[in-house]
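Heads up, the thing below is written out as C-alpha cells.
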Amino acid sequence: MEKQSAIVFDLYEKMSAQKIISAYHGEFTQQVINMLLKQAKWDLLQRNTEKITTKRTYGVMVECLENILKHTTLLRHSGQIEANIDGLVILGNQSKDYYITIGNLIKKEEVGILTERMEKINKLDRDELRKHHTEVLKKSEISAKGGAGLGLIEIALKSGSKLNYEFNNYNDTLSFFAMQVIISTNIQA
18 MEKQSAIVFD LYEKMSAQKI ISAYHGEFTQ QVINMLLKQA KWDLLQRNTE
68 KITTKRTYGV MVECLENILK HTTLLRHSGQ IEANIDGLVI LGNQSKDYYI
118 TIGNLIKKEE VGILTERMEK INKLDRDELR KHHTEVLKKS EISAKGGAGL
168 GLIEIALKSG SKLNYEFNNY NDTLSFFAMQ VIISTNIQA
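Read in order, the letters of the sequence shown correspond to residues 18 to 206 in my numbering.
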C-alpha cells in the first residue's frame, strides 16, 4: 500500500497544481459521455460559472468527447489493434478561463490530415472560422467516422482560442493525439 499511496498522493498534488476539476481515463461509450457531461455541468454550476461560459464549456466538451468516441470506436472495431485504446479527458481551470484536455490513440495515417485541418483552423480569425464552418456545412459529406469535419471548427468557435495539440508516437501503427482547448471568458459565442 505504501507505494500506491505515494502514487495517489503524487497524482493528487499534480491535479491540484494544474487546477484539475475532473478527469476520466477509460473506455468511452455514449453512457460514459452522458455521465461526464452531467458531471461537468454540475462542476461548472458549483463554481458559479457564468451561464454563457458554462454553455460554451459544455459545448466544447460535447465535441471533444464525441471525437474521442468516434476514434476509439473505430479502432476498437477495426480488429487490427492490439493496444489499450481508452481515452482521457480533463476539465480544469486557469484563473477565470476553463480548459479541456483530451487524449486518445489514432492511426498514424491520420496524423497528417488532422494536422492540416487543425493548422488551417488555427490560422483563421473568428469571422473566417464562421465562414469556413458555413462552407464545410454546405458541401459536407458524412465521413466513414460519422462526421462532416465540423467538430474541430465548432471547438475553435465555441472556445474562442486556438487548438493546442500534439502527437506522440505510440507504436508502429498508432500515435497518441493530445489536444488542449482553453475556453476564454473574454469572448461571446
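We put the beta carbon where it would ideally sit given N, CA and C, even for glycine.
| Query | Result |
| --- | --- |
| What residue ranges within the region 101-162 form continuous beta strand (DSSP E) runs of no fewer than 3 residues, ordered along the chain? | 104-111, 114-124 |
| Quick check on DSSP: helix, strand or coil for G43? | strand |
| Indicate whether the contact test is met: 3 or more Cβ pairs, each with one atom in the region 174-193 and one in the region 106-113, closer than 8 Å. | no |
| Quick one, which of I172, E83, T118 has its alpha-carbon nearest M32's? | T118 |
| Would you kindly check if the distance between the Cβ of A57 and the Cβ of Y41 is under 8 Å? | no |
| Could you tell me which residues DSSP puts in a beta bridge with A195? | G120, E183 |
| Return yes when the Cβ of L108 is within less than 8 Å of the Cβ of S39, no when it is not. | yes |
| Just checking my contact of V153 with L141 at CB under 8 Å: how many whole Å lie between their CB atoms? | With a Cβ gap of about 12 Å, V153 and L141 do not count as contacting. |
| In the DSSP assignment, find the alpha helix (DSSP H) that holds G168 and state where it starts and stops. | 168-176 |
| I want to check one thing, is the minimum distance from the CB of S176 to the heavy atoms of the ligand PLP below 7 Å? | In the structure on display, the ligand PLP does not appear, and there are no ligands present to speak of. |
| On the criterion of 16 or more Cβ atoms from any shown chain inside 10 Å, does R64 qualify as buried, or is it exposed? | exposed |
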